[in-house]
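Going by full-length UniProt numbering, the sequence shown runs without a break in its numbering and finishes at 123. Note that beta-carbon positions come from the ideal geometry of N, C-alpha and C, so glycine has one too. Have a look at the structure below, then the notes.
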Amino acid sequence: MSTPTLLLVDDDRFVRSLLKDAIQESGLEVRLLEASDGQEGLEVAARERPAVMLLDLFMPRRSGLEVLAALKDSSPDTRVLIISSMDAEPVVEQAMSAGAVGFVGKPFHPLEIALAVRQALAH
């Protein structure tokens, strides 16, 4: 069985670093890739076919919701976890109905991220 690939898509380098640290420290055996905005995230997803994408909602070039919609065509097997400070119920519902498998609010605890990724991998 091959090592699953995780793609971290967030325009904030510090957040990507925190996510990376949380995943590495959890002991999950995964290959980590990063993208700094929604458009780059779609390009990497089309090329690499990640098992799970951790996706911010508000980014330049393409929003998280735009990425979710485009992923249905380009990488339909990728499971998407939304990681966002915008955690109002309508936003969460919109993301989940667009195809996300989970939602973690910012600021997050590293254990929350590890649990969400494990659940997405098992989904």
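The beta strand (DSSP E) runs of length 3 or more contained entirely in the UniProt domain "Response regulatory" (5-121) are, from start to end of the chain, 5-9, 31-35, 52-55, 79-84 and 102-105. Excluding residues up to 5 positions away in sequence, Val9, Ala35 and Val67 lie with their Cβ nearer than 6 Å to the Cβ of Gly41 in the same chain. With respect to the 7 Å criterion, Val52 and Ala95 are not classified as neighbours on the basis of their beta carbons.
In chain order, Ser36, Asp37, Asp56, Met59 and Pro60 place their CB closer than 7 Å to the CB of Asp11, counting only its own chain and leaving out the 5 sequence neighbours on each side. Here the alpha carbon of Pro4 sits roughly 13 Å from the alpha carbon of His123.
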